[in-house]
Structure formats: C-alpha cells, structure tokens
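J.: Here it is, the structure in full.
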Ligand SMILES: Cc1cc2nc3c(=O)[nH]c(=O)nc-3n(C[C@H](O)[C@H](O)[C@H](O)COP(=O)(O)OP(=O)(O)OC[C@H]3O[C@@H](n4cnc5c(N)ncnc54)[C@H](O)[C@@H]3O)c2cc1C
C-alpha cells in the first residue's frame, strides 16, 4: 500500500538488514521493512514552526491563554471565553489533547477520553557502538528505539506493555515506574549486544489522549453546530499533524474532504456503537490494518 502511494519503503531480508546494521542482533528477525527517508523531529520546534507559519498567513496565535468556557446561542457556537477575554466565533475546533474531554464538558458533550501514561527511558551509547543509529519499530520485543541527541538511545514500549490506568493530565507522575528500567535494559541489550556497557540516563512519562478504539475523534460534533473535534490521537498524533491540519481546514471551510474520507473518525461513533473492531495488533497496540498506524 505504501509503495503504491509513492512512499520510499522496501522489504529487506535478514542478511540485508544485518549488513545495514552490523551491530544489531537480528536472530529473531526474518525480514523487516526499511524506510530510508523516515526520521524524527523535535515536537516543540515543529509546533512553534506551524504556529509561525499560521501567523505569516494572518492567523492570531495566543500563547498561555486558557479557554474557560464556550458560549452557545441556541444550538450554535457563539464565542470562546478565555482568561484574557472573549473571542466571538461561530466555530471551535477542540484540539486540547488529553484535556479535550474537559472542553467537551463545557458544552455538555461527553467525549470518551482516557488520559494514560507513556514511559520513555534513555541510555547513553557506548563509544564502541559505531553503526549509524536508525529508528527501530521492534515488533518481536514490543519496543521502539531512536537516537536522542548526539550519543543517546531513547526507548519506548508498545501501548499495552505497561499500566494503562487513567491519569489526571495535570497531576500524573512524570517519572518512570521502577519496573521499566530492567524491562528496557534487557531488551536493548538483547537487540544491541554492544549496549551491555551502556549507562542509564533517566526517563520520563508523558500522557496519551486515549480513546476506546485508539483512533482519533475528527469532525463535527452533531449536538452543537460549529463545534469540531481533532483529538484523541492515542499516541500517534504528531506524525499525522501536517496532513490532518490540511484535511481539517478543508473540512471546516468546505464541509467535506476531497482526498480522504474522515467519517470513520466521527466523534459520535462511540455513541452510535461504531468502534473500530479490536483485531490483530501491531507494535503500537492498535489494529494492524488501522488506517492511522505507525
Ligand atoms: C512520550 C510520548 C511519545 C510520543 N511519541 C509519538 C511519536 O513518536 N509519534 C507520534 O505521532 N506521536 C507521538 N506521541 C503523541 C503525540 O505527542 C500526540 O498525539 C500529539 O501531541 C497530539 O497533539 P495535539 O495538538 O492534538 O495535542 P497536545 O499536543 O496535547 O496539545 C493540546 C494543547 O491544548 C492545550 N489545552 C488544554 N486545555 C486547554 C484549555 N482549556 N485552554 C487552552 N489550551 C488548552 C494544552 O495545554 C496543550 O498545549 C507521543 C506522546 C507522548 C506522551
């Protein structure tokens, strides 16, 4: 499917993978897909660049401004009450991530969202780890790795590995749990034997805005005219942001999207009982044939 869409990706045999990454233990891999042009980006810098781009096109961006209420006239949006005053508008797009259900509640709309923790560990690469470090989605070990800074390896786990209890996004524990370090270390040392001498450089947790089917809520909310959702990314919203921004703009201004049908992500699917069926899962824990997967 990806090559059909023009993505530069190909399958490599065990031998080809080994040649590409000689310091990796690939005994449990028969083959893998290789994306030579893929990479990662700093999410804070990327967000600021999007905001700068929007400003250049005439948008006003208010940093450090809290939405406290949403005004409605009849069944229509009328304005947004912030801690810096009221903005009159017929349209609100709820992109508040793990706080998105709270924005819904301002309008009496229930959005089924569970903020859950996602834990990350960092390890310093030893000096004799010389192979170029790539990004790995490691299916057999249910982990992923990527470079961090000049000399570190960052590791995260598939969604269903650690606790997925609901947390409060304002007060959750930003550290990692004690069991994560040995779990990650054993996997990293299996995959990269040279990391036997790697030192631990700490860890942290962030929050995923998790929905019941781990797919986002995108589109109009039928109860209130002018109210849209773009939230519930369940841990995979960053990579989709450029494409979904364009689609959302088209949906709001034209009332439809021309290239991709977003109706399967309708926020009302939970009420209508039309959840994506949980089927075979991929590394990230989402259905393997999900249209929005890593
Ligand atoms: C540790 C970790 C690793 C991740 N790795 C990846 C990855 O590799 N690839 C990927 O695609 N995704 C990844 N994600 C997920 C990705 O970060 C999210 O999907 C993405 O940030 C969602 O963007 P968003 O703009 O919808 O929400 P957010 O980035 O959560 O932004 C929501 C904003 O709304 C603001 N807000 C909330 N309430 C209010 C209010 N009342 N008034 C004003 N503002 C308000 C918040 O302060 C926040 O700034 C990761 C997430 C975590 C935690």
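In our numbering, the protein residues as written are 1156 to 1449. Where a beta carbon is used, it is the ideal one built from N, C-alpha and C, also for glycine.
#1: Using CA atoms only, rank isn't needed, just tell me which of 1337, 1210, 1229, 1213 is closest to residue 1312.
#2: So, with DSSP's three-state summary, where would you put residue 1426?
#3: Return yes when the C-beta of residue 1397 is under 8 angstroms from any heavy atom of ligand 1, and no when it is not.
#4: Kindly identify the DSSP beta-bridge partner or partners of residue 1419.
#5: Taking 8 angstroms as the cut-off, is the beta-carbon of residue 1383 closer than that to any non-hydrogen atom of ligand 1?
#6: Which runs of the alpha helix (DSSP H) spanning at least 4 residues fall entirely within the stretch 1325 to 1382, listed in chain order?
#7: Looking at the secondary structure, which residues open and close the alpha helix (DSSP H) in which residue 1169 lies?
#8: Where DSSP assigns a beta bridge to residue 1249, which residues make up the other side?
#9: What are the start and end residues of the alpha helix (DSSP H) that includes residue 1408?
#10: Assuming residue 1232 contacts residue 1245 under a Cβ cut-off of 8 angstroms, what Cβ separation, rounded to an integer in Å, is found between them?
#11: Would you report the Cα separation of residue 1415 and residue 1374, rounded to the nearest angstrom?
#12: Using 10 angstroms around the beta-carbon of residue 1208, count the other beta-carbons present and answer buried if the total reaches 16, otherwise exposed.
#13: For chain C, find out if any of its Cβ atoms is closer than 9 angstroms to the Cβ of residue 1292; answer yes or no.
#14: Take residue 1307 as the anchor and find which of 1284, 1410, 1378 has the nearest alpha-carbon.
#15: Using 8 angstroms as the cut-off, can you tell me whether the stretch 1280 to 1299 makes contact with the stretch 1356 to 1364, which would need three or more C-beta pairs spanning the two stretches below that distance?
#16: Please indicate yes or no: does the CB of residue 1252 lie closer than 8 angstroms to some heavy atom of ligand 3?
#17: Can you find the residues in the same chain that come closer than 6 angstroms, C-beta to C-beta, to residue 1432, ignoring five residues on each side of it along the sequence?
#18: Do residue 1363 and ligand 1 come close, with the Cβ less than 8 angstroms from some heavy atom?
#19: Tell me whether residue 1200 sits in a helix, a strand or coil according to DSSP, three-state version.
#20: Is the stretch 1383 to 1402 close to the stretch 1321 to 1328, with three or more CB pairs under 8 angstroms?
#21: What does the alpha-carbon distance come out to for the pair residue 1343 and residue 1410?
#22: Give, in chain order, every unbroken run of the beta strand (DSSP E) that is at least 3 residues long and sits entirely within the stretch 1211 to 1236.
#23: The beta strand (DSSP E) with residue 1293 in it runs from where to where?
#24: Skipping 5 residues on each side, what residues in its chain have a beta carbon closer than 7 angstroms to that of residue 1254?
#25: Using the C-alpha atoms, what's the distance from residue 1193 back to residue 1376?
#26: Is the stretch 1177 to 1191 in contact with the stretch 1160 to 1168, if contact means three or more CB pairs nearer than 8 angstroms?
#27: Which parts of the stretch 1257 to 1330 are runs of the beta strand (DSSP E), unbroken and 3 residues or longer, counting only runs that do not cross its ends?
#28: Who are residue 1189's beta bridge partners in DSSP?
#29: If you draw a straight line from the C-alpha of residue 1419 to the C-alpha of residue 1351, how long is it?
#30: Decide if the stretch 1265 to 1276 is in contact with the stretch 1383 to 1402; the criterion is three or more beta carbon pairs, one per stretch, under 8 angstroms apart.
#31: Determine the DSSP secondary structure at residue 1390, reduced to helix, strand or coil.
T.: Looking at the coordinates:
#1: Indexing the chain shown from 1 puts residue 1312 at position 157. Looking only at 1337, 1210, 1229, 1213, the smallest Cα-Cα distance to residue 1312 is reached by 1337.
#2: To locate residue 1426, count along the chain shown from 1; it is residue 271. Residue 1426 falls in the coil class under three-state DSSP.
#3: Residue 1397 sits at position 242 when you count from the first residue of the chain shown. Not so, every heavy atom of ligand 1 lies at least 8 angstroms from the Cβ.
#4: Against the chain shown, residue 1419 aligns to sequence position 264. BP columns for residue 1419 are empty, so no partner.
#5: Working through the chain shown from its first residue, we reach residue 1383 at position 228. Answer for residue 1383: no, Cβ out of range of ligand 1.
#6: Qualifying alpha helix (DSSP H) stretches, in chain order: 1335 to 1346.
#7: Within the chain shown, the letter at position 14 stands for residue 1169. That run of the alpha helix (DSSP H) goes 1169 to 1175.
#8: As a first step, residue 1249 is located in the chain shown; it is residue number 94 there, counting from the start. BP columns for residue 1249 point to 1384.
#9: Along the chain shown, read from residue 1 onward, the residue named residue 1408 stands at position 253. Here the alpha helix (DSSP H) through residue 1408 covers 1396 to 1409.
#10: Taking the first residue of the chain shown as position 1, residue 1232 is located at position 77. Taking the first residue of the chain shown as position 1, residue 1245 is located at position 90. The Cβ separation is near 6 angstroms, so the contact holds.
#11: For the purposes of this step, residue 1415 is taken as residue 260 along the chain shown, with counting starting at 1. For the purposes of this step, residue 1374 is taken as residue 219 along the chain shown, with counting starting at 1. Whole-angstrom Cα-Cα distance: 13 angstroms.
#12: Your numbering for residue 1208 matches position 53 in the chain shown. Here residue 1208 is exposed, its C-beta having fewer than 16 other C-beta atoms within 10 Å.
#13: You won't find chain C in this structure, because it holds only one protein chain.
#14: Along the chain shown, one-based indexing puts residue 1307 at 152. Answer by Cα proximity: 1284.
#15: No, they do not touch.
#16: Of the ligands one can find in the structure shown, namely ligand 1, none is ligand 3.
#17: Locating residue 1432 in the chain shown gives position 277, counting from the first residue. No answer about residue 1432 holds up, because its pLDDT of 49 lies below 50 and its placement is not dependable.
#18: Within the chain shown, residue 1363 is the residue found at index 208, counting from 1. Answer for residue 1363: yes, Cβ within range of ligand 1.
#19: Numbered from its first residue, the chain shown carries residue 1200 at position 45. Here residue 1200 sits in helix by DSSP.
#20: Flag = no, the stretch 1383 to 1402 and the stretch 1321 to 1328 do not touch.
#21: If you number the chain shown from 1, residue 1343 lands on position 188. If you number the chain shown from 1, residue 1410 lands on position 255. Taking the straight line from one Cα to the other gives about 48 angstroms.
#22: For the stretch 1211 to 1236, whole beta strand (DSSP E) runs of length 3 or above, ordered along the chain, are 1222 to 1228.
#23: Taking the chain shown and counting its residues from 1, one reaches residue 1293 at position 138. For residue 1293, the enclosing beta strand (DSSP E) covers residues 1291 to 1293.
#24: Counted from its first residue, the chain shown places residue 1254 at position 99. If the five residues before and after residue 1254 are omitted, its C-beta is found closer than 7 angstroms to the C-beta atoms of 1324, all from its own chain and listed in chain order.
#25: Along the chain shown, one-based indexing puts residue 1376 at 221. Along the chain shown, one-based indexing puts residue 1193 at 38. In a straight line, the C-alpha of residue 1376 is about 34 angstroms away from that of residue 1193.
#26: By the criterion of at least three beta-carbon pairs nearer than 8 angstroms, the stretch 1177 to 1191 is in contact with the stretch 1160 to 1168.
#27: The stretch 1257 to 1330 contains these whole beta strand (DSSP E) runs: 1269 to 1279, 1291 to 1293, 1298 to 1303, 1307 to 1312.
#28: For the purposes of this step, residue 1189 is taken as residue 34 along the chain shown, with counting starting at 1. Residue 1189 pairs with 1165.
#29: Here residue 1419 is taken as the residue at index 264 of the chain shown, counted from 1. Here residue 1351 is taken as the residue at index 196 of the chain shown, counted from 1. Computed Cα separation, rounded: 46 angstroms.
#30: With a cut-off of 8 angstroms, the stretch 1383 to 1402 and the stretch 1265 to 1276 count as touching, because enough Cβ pairs lie within range.
#31: The count along the chain shown starts at 1 and reaches residue 1390 at position 235. Of the three classes helix, strand and coil, the one that applies to residue 1390 here is coil, per DSSP.
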